[in-house]
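Right, one structure below, let's go through it.
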Amino acid sequence: MQNSHSGHMATVKSLWLFTSLGCVSQVCQVVLFRELLTLAEGTELTIAFILGVWLVFTALGSFAASRFLSAHKGFSAPRIYALLSLLLSAFAFFAIWFIRSSRVFLSLPPGEPLSASQWLVVTFVALSPICFAVGAQFVFAASFAGSAGVYIAESFGAVIAGVLLSLLLLQFLDHTSLLACSLSLHLLLSLWVVLKFRPNASLSFALSLATALILVASPFVENFTQLRFWSSMLPSGKIVGSGNSVYGSVTVVRYSDQLSVYQSGHLLFTLPEQSETASLVHLILLQHPRPNRILLVGGFGGWVKAALEHPKVVGVDWVEVDPTVPKIVLPLLPEKKRVWAFDPRLEIHFTDGRSFIRQVRRPYDVIIVVASDPTTAAINRFFTQEFFAEVAKSLSPVGVFALHGLREPPSGFGEFYLMRNNCVYRTLLTAFCEVLVVPSSPLTLLSRCPVSQGEQIDSQFNLTLHEHTLLQRAKGRGLDIGGLNLFAFTDPVQVERVNYEVKTGLPFNPLEREQKKVKRFKWLNSDMNPMVYFLSSLLWLRMGNLDITGLLEALLMTPRWVIWLLSPLPLIFWLLGRLSSRSWLVPILTVTCISSVGMLAELTVLLLFQSRFGTLFQQVGLLFALFMFGLAFGALTIERWRHDGSVLALSALAFATGIAVFAWWCCSFVSAKVPSLLVAIVCGFFMVVFGGLVGAAFPLTVWVLKHLGVEMNRATGLVYSCDLLGGAIGAFLLGAVLLPLLGTSNLLWFCSAFCLLTALTCRLQGR
Amino acid sequence: MTMAYGNPCIISIDPIEKLPLHHFLPGERTLSIATAGCNLRCLYCQNWQQSQVRPDQLRNYNLPPAEAVRKAKENGIKVIAYTYTEPVVFWEYAMDISERAKSEGLKNVVATALFMNREPIKEWCKVTDAFAVALKGFDEDFYLKVVGAPLKPVLDAIVTIKGEGVWLELVTLIVPTLNDNMKQIREMCLWIRRNLGAQVPVHFGRFVPEYKLRNLPRTPVTTLEQCRDIALDVGLQFVYLFNVAPHDANHTYCPKCKTPVIRRLGFKLTSNEIQRGICPKCKTRIPGIWQL
Chain Z
1 MQNSHSGHMA TVKSLWLFTS LGCVSQVCQV VLFRELLTLA EGTELTIAFI LGVWLVFTAL
61 GSFAASRFLS AHKGFSAPRI YALLSLLLSA FAFFAIWFIR SSRVFLSLPP GEPLSASQWL
121 VVTFVALSPI CFAVGAQFVF AASFAGSAGV YIAESFGAVI AGVLLSLLLL QFLDHTSLLA
181 CSLSLHLLLS LWVVLKFRPN ASLSFALSLA TALILVASPF VENFTQLRFW SSMLPSGKIV
241 GSGNSVYGSV TVVRYSDQLS VYQSGHLLFT LPEQSETASL VHLILLQHPR PNRILLVGGF
301 GGWVKAALEH PKVVGVDWVE VDPTVPKIVL PLLPEKKRVW AFDPRLEIHF TDGRSFIRQV
361 RRPYDVIIVV ASDPTTAAIN RFFTQEFFAE VAKSLSPVGV FALHGLREPP SGFGEFYLMR
421 NNCVYRTLLT AFCEVLVVPS SPLTLLSRCP VSQGEQIDSQ FNLTLHEHTL LQRAKGRGLD
481 IGGLNLFAFT DPVQVERVNY EVKTGLPFNP LEREQKKVKR FKWLNSDMNP MVYFLSSLLW
541 LRMGNLDITG LLEALLMTPR WVIWLLSPLP LIFWLLGRLS SRSWLVPILT VTCISSVGML
601 AELTVLLLFQ SRFGTLFQQV GLLFALFMFG LAFGALTIER WRHDGSVLAL SALAFATGIA
661 VFAWWCCSFV SAKVPSLLVA IVCGFFMVVF GGLVGAAFPL TVWVLKHLGV EMNRATGLVY
721 SCDLLGGAIG AFLLGAVLLP LLGTSNLLWF CSAFCLLTAL TCRLQGR
Chain U
1001 MTMAYGNPCI ISIDPIEKLP LHHFLPGERT LSIATAGCNL RCLYCQNWQQ SQVRPDQLRN
1061 YNLPPAEAVR KAKENGIKVI AYTYTEPVVF WEYAMDISER AKSEGLKNVV ATALFMNREP
1121 IKEWCKVTDA FAVALKGFDE DFYLKVVGAP LKPVLDAIVT IKGEGVWLEL VTLIVPTLND
1181 NMKQIREMCL WIRRNLGAQV PVHFGRFVPE YKLRNLPRTP VTTLEQCRDI ALDVGLQFVY
1241 LFNVAPHDAN HTYCPKCKTP VIRRLGFKLT SNEIQRGICP KCKTRIPGIW QL
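Chains as they are written, first to last, in the numbering used here: chain Z, 1 to 767; chain U, 1001 to 1292.
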């Protein structure tokens, strides 16, 4: 069936040839994203930045291609499409090599991650050529196959790739193999395109040769680049184990008599564990009079072992989200060092810690969560009001909760950076009556619930860091303290310092008898108002000496209502369009708006889903696949709908987006009170809806622009660019910056209103 | 000339063992002061967030020299330590505090990498009671590439302090892959023995991955123990491990009868049996400053 809107060469039957564009784009995105995160701390800002760079450069590529096509009509689009496939393959392998060799180029000493500015440069250099090629390919494909058809095919390709990656491929293939498979497929389908539309012998030969080369060379490239990376990261270390995990590649390196376990290039832990770990575990368990049942979330090796060695412990439930790590590491330990893993009192659960706690039936005496610094939304879930309430419910009446993982900002950073830990402290107080900070590195926050009626608390078991008291308790229960160093956590000056700084958010001056008591900000951290991960991003930027933190600090101080000053923007675009006779300005704004709001809404669905069901990679991958499916479905629906291409149709779409966002806000508001199955269905439904709205915006806007007299190729490039730019705005500005600052509710309200105003502006234009 | 006069970025109260000084007033607390900056750029600096920045890039306290001494006395602290970053870069500030402190009966101790000329060192020795000097390695190439300065001036400075008769202890942080070459460790210990004497305490420290080198594993304990064995084998009498606790190498042993005369758990003093600087068992003199 011919595409009646475009009158192009391709038929529907040949559109499947372009699914590989979506596949390769998705695979490159996932692989390079994971590679780039090996070089620097993965905060929400860095994640959003990578996504933003991807979208912006893809937009630039499509914009440049549309200009090229408009200016040079004699070139054969199918051949250029195929040439771009060759370039894409070269760029992808270059990117892998460049990322893994960047430490060598920068002469970084072993163990040091890239600074923020170095990482930005590497990200640009690695991603921009690929993104440019992907964006350009889309436009060239659209020029001879129809924009809507290619968009749909690309979306379906992304869905297929996303599902396969999440459920299967990431666990079994390394990154270079993943790239090789997807690029080979893309090259072969590009060869088919050339043969079908514009046969050319030398191009066909080049494509075939490239496919073969990629498949043959990829294992060598993988080994070579990995060796380069690890020889720079840890020279004289010997890789003794490795494996693929959906959460990141795992590498075990032996140095002297130690095993260091890395995930995605970041050191997770070293075995044997320090004695400080055992000391800390025993200190935590000494806070409870009868620590019989223990729940440990995270904390491989030393934590579990020490918990099992503590007298009175009857059972330990250990929750670990990634089974790959124990699977690779345990066989490498000498037999007597892994006996603890087979202790009959130990039960191991491979699942998300938060969803495990939600389903707890019998209360625990002590719950210990060993987390990383809360730099992403996924980790932030272990530092929120909702999580602390869930933990409080899972504890016995005199139960103790220990949260380990908050880093202290370095001395001299000032009170602004102490606010992050103060925010976590005050959030803890919403669920617990007593919080005590242990000066470990990173910090450990001990918390306890109030006693229920009828229970007697032994006053000797208050939370304490008094060394003598702890030693008495240890002696009383027959704990051998010979191998412990409790003083590391009980130095009175350090205890006073960390408790003052965390509880007030002010720097401690040990020389002042009276410390300052000033009212600070009253932020709390919640699943849908994830303030802490934003503050963490600021902290890590500051530690990377990147100076835009001044700008972000200013944002933090800005009142929330200021964002509403942006609401007249659609009207301004309309006026500008009228004054400059550029009637396409409003449709362009509309597609950018829908795309950015759609991306933001997608992120909020993900936030809610993660807070309810945990972060299991496969589930998250499926959610993204639903969004991409919606994208394809929306584009297809518009393609089949006999619309007149007027801007009023676009107005209706913007209106629908505003209503959908509002409806989503209503659903998310009541989600805590409805059964989990319904929440899952609603999340999936809205992912499809938002994907559909974003998907529909693209072909509709192209057609509107064509109706307004804009040349087809130019329209395609312009709209695709703005579509992607909108995605970048949604990911970076809205998702990583404004969402934690304003909170989900406020931001969704604003976005809904903005969409409705945009719809109104389109209506004004349509008249 | 220091840019941070009167404006430290770190003020802390620490056990003196943390400097580390094990033969100087064991068990005493110190008022530790540091300003931003350093004249070196060790790639593995544990305090790089303060040492590799300018003073105006940090939020600092306001603590003039007179105030520092007054506050120390108010809080019952008898020792002021200039540590964490590099006291050479706030030398004038440290000197002024030291002079006042000395006149008021307080002690001054310095933890430094000692990349400085001899004349100011001699000035410094007049007001300082003990130095913990970081001898980061024993290879010129290592010093130039990793530390950012030549080795020889540091060695000359250490000998100068010894010549001035001020109490001296040496500290080497052992960092995996950077300075854990045992051949160089042996050469260093031999140099110490020849130039400073067998009784200079030497501390080998365990590197802990934090911030800048956070993907480097911590130093294996066996590596540190090897360093200590080499030092003892060469004839050095007092060799300690720090950042490793509990460990037998935290204690002080009589060089003659090998009795543990001072026991420590990390930075905490757990027992001190030295009486007037003498081993209680065999009456051997244990070098150090044991009383105020």
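Ideal placement from N, C-alpha and C gives every residue a C-beta, glycine not left out.
For residue i, decide whether its Cβ has a neighbour in chain Z, counting only Cβ atoms nearer than 9 Å.
i: Lys964/U; result: No statement about residue 964/U is possible, as the shown extent of chain U runs from 1001 to 1292 and does not include it.
i: Phe1090/U; result: no
i: Ile1011/U; result: yes
i: Ala1113/U; result: no
i: Gly1266/U; result: yes
i: Leu1213/U; result: yes
i: Tyr1143/U; result: no
i: Gln1293/U; result: In the structure as shown, chain U starts at 1001 and stops at 1292, and residue 1293/U therefore has no counterpart that could be examined.
Mind reading off the beta-carbon distance from residue i to residue j? Whole number of angstroms is fine, and I expect it under 8 Å.
i: Leu747/Z; j: Leu600/Z; result: 7 Å
i: Ser101/Z; j: Arg228/Z; result: 5 Å
i: Leu114/Z; j: Leu39/Z; result: 5 Å
i: Val253/Z; j: Gly243/Z; result: 13 Å between Cβ atoms; not a contact.
i: Ile357/Z; j: Ser394/Z; result: 5 Å
i: Leu606/Z; j: Val620/Z; result: 7 Å
i: Ala728/Z; j: Val56/Z; result: 5 Å
i: Gly1205/U; j: Thr1172/U; result: 7 Å
i: Thr1223/U; j: Asp1156/U; result: Wrong, their Cβ atoms sit about 29 Å apart, outside the cutoff.
i: Gly353/Z; j: Val297/Z; result: 4 Å
i: Ala153/Z; j: Gly22/Z; result: 7 Å
Can you confirm whether residue i, when its beta carbon is compared against all beta carbons of chain U, has any partner nearer than 9 Å?
i: Ser184/Z; result: no
i: Tyr255/Z; result: yes
i: Pro334/Z; result: no
i: Ser236/Z; result: yes
i: Asn421/Z; result: no
i: Pro740/Z; result: no
i: Leu286/Z; result: no
i: Gln274/Z; result: yes
i: His349/Z; result: no
i: Arg497/Z; result: yes
i: Met557/Z; result: no
i: Glu112/Z; result: yes
> Of all the residues that make up the region 474-492 of chain Z, which are near chain U by a beta-carbon distance shorter than 8 Å?
Replying inline: For the region 474-492 of chain Z, the set of residues with a beta-carbon nearer than 8 Å to any beta-carbon of chain U comprises Gly482, Gly483, Leu484, Asn485, Phe487, Ala488, Asp491, in chain order.
>> Extract the residue ranges of the beta strand (DSSP E) inside the region 395-475 of chain Z, only unbroken runs of 3 or more that lie entirely within it.
In response: Correct list: 395-406, 434-438, 443-448.
> Taking the runs of the alpha helix (DSSP H) that are 4 residues or longer, which of them lie wholly in the region 1082-1158 of chain U?
Replying inline: Runs of the alpha helix (DSSP H) lying entirely within the region 1082-1158 of chain U, each at least 4 residues long, are 1091-1103, 1118-1127 in chain order.
>> Counting only Cβ-Cβ distances shorter than 8 Å, please list the residues of the region 435-446 of chain Z near chain B, keeping chain order.
In response: Absent from the structure is chain B; the protein chains it does hold are Z and U.
> Touching or not, the region 753-760 of chain Z and the region 1126-1142 of chain U, by the rule of three or more beta carbon pairs under 8 Å?
Replying inline: No contact exists between the region 753-760 of chain Z and the region 1126-1142 of chain U.
>> Between the region 136-143 of chain Z and the region 60-69 of chain Z, can you find at least three pairs of beta-carbon atoms closer than 8 Å?
In response: The region 60-69 of chain Z makes contact with the region 136-143 of chain Z, as at least three CB pairs between them are under 8 Å.
> If you scan the region 358-389 of chain Z from start to end, which runs of the beta strand (DSSP E) of 3 or more residues do you find wholly inside it?
Replying inline: Given a length threshold of 3 residues, each whole run of the beta strand (DSSP E) inside the region 358-389 of chain Z is given here in chain order: 364-370.
> the region 1064-1080 of chain U: which residues have C-beta closer than 7 Å to a C-beta of chain Z, in chain order?
Replying inline: Identification of residues in the region 1064-1080 of chain U having a C-beta nearer than 7 Å to some C-beta of chain Z yields Lys1071, Asn1075, given in sequence order.
> Is there contact here, the region 165-183 of chain Z with the region 21-38 of chain Z, by at least three beta-carbon pairs under 8 Å?
Replying inline: Yes, they touch.
>> Could you tell me which whole beta strand (DSSP E) segments of length 3 or greater appear in the region 236-281 of chain Z?
In response: Segments of the beta strand (DSSP E) lying fully in the region 236-281 of chain Z: 238-243, 250-255, 258-263, 266-271.
>> Quick check for students: name the residue ranges of the alpha helix (DSSP H) that lie wholly in the region 548-595 of chain Z, counting only runs of 4 or more.
In response: The qualifying runs are 549-557, 569-580.
> What residues in the region 521-539 of chain Z bring their beta carbon closer than 9 Å to a beta carbon of chain U?
Replying inline: Cβ contacts with chain U come from no residue of the region 521-539 of chain Z.
> Between the region 289-300 of chain Z and chain U, which residues of the former have CB atoms less than 7 Å from a CB of the latter, in chain order?
Replying inline: Considering only beta carbons, no part of the region 289-300 of chain Z lies closer than 7 Å to chain U.
> Which runs of the alpha helix (DSSP H) fall wholly inside the region 1184-1262 of chain U and span at least 4 residues, in chain order?
Replying inline: For the region 1184-1262 of chain U, whole alpha helix (DSSP H) runs of length 4 or above, ordered along the chain, are 1221-1234.
> If you measure beta-carbon to beta-carbon, which residues of the region 200-233 of chain Z are closer than 8 Å to chain U?
Replying inline: For the region 200-233 of chain Z, which is checked against every Cβ of chain U, the residues closer than 8 Å are Met233.
>> Three Cβ pairs or more, each shorter than 8 Å: is that satisfied between the region 419-434 of chain Z and the region 368-387 of chain Z?
In response: Short answer: they touch.
> If we count Cβ pairs, one from each stretch, closer than 8 Å, do we get three or more for the region 72-89 of chain Z versus the region 1003-1010 of chain U?
Replying inline: The region 72-89 of chain Z, when compared against the region 1003-1010 of chain U, does not touch it at the 8 Å Cβ threshold.
> Do the region 472-484 of chain Z and the region 269-287 of chain Z make contact, defined as three or more Cβ pairs closer than 8 Å?
Replying inline: The region 472-484 of chain Z, when compared against the region 269-287 of chain Z, does touch it at the 8 Å Cβ threshold.
>> Along the region 1157-1185 of chain U, where does the CB come closer than 8 Å to a CB of chain Z? Name the residues.
In response: Within the region 1157-1185 of chain U, the residues whose Cβ lies closer than 8 Å to some Cβ of chain Z are Pro1176, Thr1177, Leu1178, listed in chain order.
> Along the region 397-414 of chain Z, what residues have a CB closer than 8 Å to any CB found in chain U?
Replying inline: Legend: CB atoms of the region 397-414 of chain Z lying less than 8 Å from CB atoms of chain U belong to residues Pro410, Ser411, Gly412, Phe413, Gly414.
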